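Peer 1: According to the working numbering, the stretch in the sequence shown is residues 877 to 1408, in order.
A virtual CB, placed ideally from N, CA and C, is assigned to each residue, including glycine.
Quantities reported herein were computed from a predicted structural model and do not represent experimental measurements.
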Amino acid sequence: MSLLQVKINPGNQYNIKIINQYKIMIQTTQKNNNDIEPKIVNKWSLELIREIEWKRFEILCKELLTYKNKNIIVALTNSGGDDGVDITLIHKEYKKLVSIAQCKSFYNKKVGVKYISEFTGVMLQKNIKKGYFMTSNEFTDEAISFAKSIDKLTIQLVTGVVIINIINNLPEDQQVKLLRKITRGDYKTPTCSSCDIKMVSRKGKNSEFWGCSHFPKCRITINKHYQKKLHVKNNIVMKQISTTALAKKLGIASKALFAYLLESGLIEKADKVWQLTTKGKHKGGDYKESKQYGKYIVWPEDINIEIVPQSPDNTQIPLVSTTTIGRQFELSPTKVNFILSELGWVKKGLKGWLITDQGKKQGGIQDEDNRSGVPYVRWPESITDAKSLKETVGHVKGTETVFSPVTQDIKEEVSFRDKFEAKHRSADGHFVRSKAEMLIDNWLYMAEIVHAYERKLPIEEDVYSDFYIPTGKVYIEYWGYENDPKYLVRKQKKIALYMKYGFNLIELQDKDVQNLDDILPRLLLKYGVQAY
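#1: Can you find the residues in the same chain that come closer than 8 Å, C-beta to C-beta, to L1230, ignoring five residues on each side of it along the sequence?
#2: Grab the span of the beta strand (DSSP E) containing S975 for me, first residue to last.
#3: Taking C-alpha atoms, which residue in Q1238, L1392 and R1247 lies nearest to M1314?
#4: So, for T1277: in the same chain, excluding its five sequence neighbours on each side, which residues have a beta-carbon less than 6 Å away from its beta-carbon?
#5: Pull up the CB-CB distance for F995 and I1020, whole angstroms please, since I reckon it's below 8 Å.
#6: Considering only the beta carbon of each residue, do Y1008 and V1038 sit closer than 8 Å?
#7: Which partner residues does Q1242 have in the DSSP bridge list?
#8: So for V1052, helix, strand or coil by DSSP?
#9: Would you check if the distance between the CB atom of W920 and the CB atom of Q1051 is smaller than 8 Å?
#10: Indicate the three-state DSSP secondary structure (helix, strand or coil) for E913 in the structure shown.
#11: Can V1339 and L1384 be called in contact, C-beta distance under 8 Å?
#12: Mind checking which residues open and close the alpha helix (DSSP H) that includes S1208?
#13: In three-state DSSP terms, what is E1165?
#14: Tell me the residue span of the alpha helix (DSSP H) that contains Q1390.
#15: DSSP puts H967 in a beta bridge; with which residues?
#16: Name, in chain order, the residues that DSSP records as bridge partners for N1044.
#17: Between T953 and the ligand ADP, is there a pair consisting of the residue's CB and a ligand heavy atom that are separated by less than 7 Å?
#18: Does DSSP classify A1328 as helix, strand or coil?
#19: Under the rule that 16 or more other beta-carbon atoms within 10 Å means buried, what is L1364, buried or exposed?
#20: Only counting the same chain, and skipping five residues up and downstream in sequence, which positions put a Cβ closer than 8 Å to that of G1348?
#21: Sorted by chain position, which residues of the same chain lie with C-beta nearer than 6 Å to A951's C-beta, five sequence neighbours on each side aside?
#22: Between the Cα of K986 and those of A1262, E969 and S1012, spot the shortest distance and give me the residue it belongs to.
#23: Taking the Cβ atom as the reference point for each residue, do K1064 and E929 lie within a distance shorter than 8 Å?
#24: Specify, as a first and last residue, the run of the alpha helix (DSSP H) that R926 falls within.
#25: Could you have a look at P1176 and say whether DSSP puts it in helix, strand or coil?
#26: Can you list, in chain order, the residues of its chain with a C-beta nearer than 7 Å to that of V1308? Leave out the 5 residues immediately preceding and following it.
#27: Excluding the 5 residues preceding and the 5 following A1262 in the sequence, name in chain order all residues of the same chain whose CB lies nearer than 8 Å to its CB.
#28: Helix, strand or coil: how does DSSP classify G1170 here?
#29: Near S1217, which residues of its chain fall below 7 Å by C-beta distance, leaving aside the five closest residues on each side in sequence?
#30: Locate the beta strand (DSSP E) running through Y1374, then write down its first and last residues.
#31: What are the boundary residues of the beta strand (DSSP E) that N1380 is part of?
#32: What's the call for Q1168, buried or exposed, on a 16-neighbour Cβ count within 10 Å?
#33: Could you tell me the alpha carbon to alpha carbon distance between K968 and T942, rounded to whole angstroms?
#34: Could you name the residues of the same chain whose beta carbon sits closer than 6 Å to that of P1397, not counting the 5 residues immediately before and after it, in chain order?
#35: May I ask you to report which of helix, strand or coil DSSP gives N885?
#36: If we count the other Cβ atoms within 10 Å of its Cβ and call it buried at 16 or more, is Y1163 buried or exposed?
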């Protein structure tokens, strides 16, 4: 047998295999149009930078950062699971993560403030002081202003134009070498972020898109027109639904949802037609077209929307800001927010205040200023009647606290305190009820961790924690009387309440108290509290 290769028609190549003198087998090796490699590129340009698929762009950014940082190990993270980080920069000698980079390959879209805000959060989480955000396009004015306004962090914004300038300043041989590396083979067809293979062109009902060749096992897709990732969650493309369908899913009237979207600045009306705002697009809003309805707005099915709470008669409950709450208590809005933070209902963001799970249980709604974009929280008017808020305000102002009716919980607390008198004086002046509590208090004081002793939990039940650390909203309980049946019952009740309200709880036993230097730093770090 022998193998011959002949050309029959231009562009078509065949393998002819002679099986015997009577039979032959012809196999075509004609290339599919989608597999034809792009023309050889001889020069760097901004257009080329924007045509590069997302993975090649990340490789380009990695190479440029390598040229710039000689004593740093620059590496790409794994595809599909970068956790907000595309490139890591590690010091060669100290083996320490010193910087991170995020890359966005956008052909016709600027990088907005949402991306910079999320990247800032990642930097804070990883305790990184300097980061790079690199894009093939540009940044919006809001994104640039936001990056400049962040204290103690440096985010270097690198645009496509800056990338071209960096390349042009490289030695000519390095420019050519880098160009060949980035444009080798098919550099335009995107790579699946989950499977790390080239995607294939597919046609949907309304548009063309890139899909993974491992479909249906992998459902990652990329919009072909915008060259951006569609709304994906757990490697599954989330369904996009109309505003009316979303209202039905949320169990509210369509008019109420449209009113909320308008009030929140997600949509606007121009020439009697609803349109997405920039904020609405950042929230995941998009457009679809159909022969029946024309062009209309769609949203990710899993979009997180906080609808204003309603009373039983289906009327909206009025919401107030901290300014209104402050007027009632004769406090400034800033002081009110700090009180709400101490209660665990809000937490400080990079700018403004963010609602917590406990705050949501109080009926709070996350919102943001339409002009500045600074987040804040609105509250039901009845929040001023909350017992825990009124008590805390009383403590802050030094006025008389609110006295509650004597309940069984209070009787048990009084009985416990009478039995175990607070007579052990700790280093910071606290009088505590046992030697073990004194050791814990002293350890927190020497570690310079702000803490409170016997702080009342911000709930309706009258329960007090052993220690409270406001930095991480962490409660510490020392269980020291395991042989007392009544104490064990009290212990189980307290644990149940901590679980019910989802509070951060550290539990210490006698054996832990003897080894606090090893135990507490590790447990506190889980909640963002650093010791020493």
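Peer 2: Let's see:
#1: Walking along the sequence shown from the start, residue 1230 turns up at place 354. Closer than 8 Å at Cβ, skipping near neighbours: V1222, K1223, K1224, Q1242, P1251 and V1253.
#2: Counting from 1 along the sequence shown, the entry for residue 975 is found at position 99. Segment L973 to K980, the beta strand (DSSP E) holding S975.
#3: On the sequence shown, position 438 is the one that residue 1314 refers to. Of the listed residues, the one whose Cα sits closest to M1314 is L1392.
#4: Locating residue 1277 in the sequence shown gives position 401, where the first residue counts as 1. Per-residue confidence for T1277 stands at a pLDDT of 49, beneath the threshold of 50, marking its modelled position as unreliable; the derived number appears in the next sentence. Here T1277 has E1267 and G1270 as same chain residues with Cβ atoms under 6 Å from its own Cβ, once five neighbours each way along the sequence are excluded.
#5: Your numbering for residue 995 matches position 119 in the sequence shown. Your numbering for residue 1020 matches position 144 in the sequence shown. Contact doesn't hold; Cβ gap of about 13 Å is too wide.
#6: Sequence index remark: in the sequence shown, residue 1008 carries index 132 (1-based). Sequence index remark: in the sequence shown, residue 1038 carries index 162 (1-based). The answer is no: Cβ separation not under 8 Å.
#7: Taking the first residue of the sequence shown as 1, we reach residue 1242 at position 366. Answer by DSSP bridge pairing, in chain order: V1253.
#8: Counting from one through the sequence shown, the residue named residue 1052 turns up at place 176. In the structure shown, V1052 sits in a helix (DSSP, three-state: H, G or I).
#9: Translated into the one-based positions of the sequence shown, residue 920 becomes position 44. Translated into the one-based positions of the sequence shown, residue 1051 becomes position 175. For W920 and Q1051, yes; Cβs fall inside 8 Å.
#10: Taking the sequence shown and counting its residues from 1, one reaches residue 913 at position 37. Low per-residue confidence applies at E913: pLDDT is 48, beneath 50, and the placement is therefore not dependable enough to give any value.
#11: Here residue 1339 is taken as the residue at index 463 of the sequence shown, counted from 1. Here residue 1384 is taken as the residue at index 508 of the sequence shown, counted from 1. It is not a contact, given that the beta carbons lie outside the stated cut-off.
#12: Counting from one through the sequence shown, the residue named residue 1208 turns up at place 332. It is not in any alpha helix (DSSP H) - S1208 carries neither H nor E in the DSSP assignment.
#13: Numbered from its first residue, the sequence shown carries residue 1165 at position 289. It is a strand residue.
#14: Residue mapping note: residue 1390 aligns to position 514 of the sequence shown, counting from 1. Segment: none, Q1390 is in no alpha helix (DSSP H) and carries neither H nor E.
#15: By 1-based counting over the sequence shown, the position of residue 967 is 91. Per DSSP, I948.
#16: Counted from its first residue, the sequence shown places residue 1044 at position 168. In DSSP, N1044 forms no bridge with anything.
#17: Among the components modelled here there is no ligand, and therefore nothing to report on the ligand ADP.
#18: The residue labelled residue 1328 in the question sits at position 452 within the sequence shown. It is a strand residue.
#19: Position 488 of the sequence shown, counted from the start, is the residue given in the question as residue 1364. Classification for L1364: exposed.
#20: Residue numbering aside, residue 1348 sits at position 472 when the sequence shown is read from its first letter. Closer than 8 Å at Cβ, skipping near neighbours: N1380, L1400, Y1403, G1404 and V1405.
#21: Here residue 951 is taken as the residue at index 75 of the sequence shown, counted from 1. If the five residues before and after A951 are omitted, its C-beta is found closer than 6 Å to the C-beta atoms of T964, all from its own chain and listed in chain order.
#22: If you number the sequence shown from 1, residue 986 lands on position 110. Nearest option by C-alpha distance: S1012.
#23: In the sequence shown, the residue the question calls residue 1064 occupies position 188. In the sequence shown, the residue the question calls residue 929 occupies position 53. Closer than 8 Å, so yes.
#24: In the sequence shown, residue 926 corresponds to position 50, counting from 1. Its alpha helix (DSSP H) spans residues L922 to E927.
#25: Position 300 of the sequence shown, counting from 1, holds the residue named residue 1176. Three-state result, P1176: strand.
#26: Taking the first residue of the sequence shown as 1, we reach residue 1308 at position 432. Cβ neighbours of V1308 beyond the five flanking positions: A1298, H1300, S1302, M1314, D1317 and Y1329.
#27: Mapped onto the sequence shown, residue 1262 falls at position 386. Within the same chain, A1262 has close Cβ partners Q1238.
#28: Looking up residue 1170 in the sequence shown gives position 294. G1170 falls in the strand class under three-state DSSP.
#29: Along the sequence shown, one-based indexing puts residue 1217 at 341. Correct list, in chain order: K1223 and K1224.
#30: Stepping through the sequence shown from its first residue, residue 1374 is reached at position 498. That residue, Y1374, is in no beta strand (DSSP E); its alpha helix (DSSP H) goes P1361 to Y1377.
#31: Numbered from 1 along the sequence shown, position 504 holds the residue referred to as residue 1380. That run of the beta strand (DSSP E) goes N1380 to L1384.
#32: Residue numbering aside, residue 1168 sits at position 292 when the sequence shown is read from its first letter. Exposed, by the Cβ-count rule.
#33: Reading the sequence shown from its first residue, position 92 is the one you call residue 968. Reading the sequence shown from its first residue, position 66 is the one you call residue 942. Rounded to the nearest angstrom, the two C-alpha atoms are 12 Å apart.
#34: Your numbering for residue 1397 matches position 521 in the sequence shown. Cβ neighbours of P1397 beyond the five flanking positions: A1407.
#35: To locate residue 885, count along the sequence shown from 1; it is residue 9. Caution is warranted here: a pLDDT of 44 is assigned to N885, below 50, making its placement in the model unreliable, and the coordinate value is therefore given only provisionally. DSSP places N885 within a strand segment (E or B) once states are collapsed to three.
#36: Against the sequence shown, residue 1163 aligns to sequence position 287. Exposed, since its Cβ has fewer than 16 Cβ neighbours within 10 Å.
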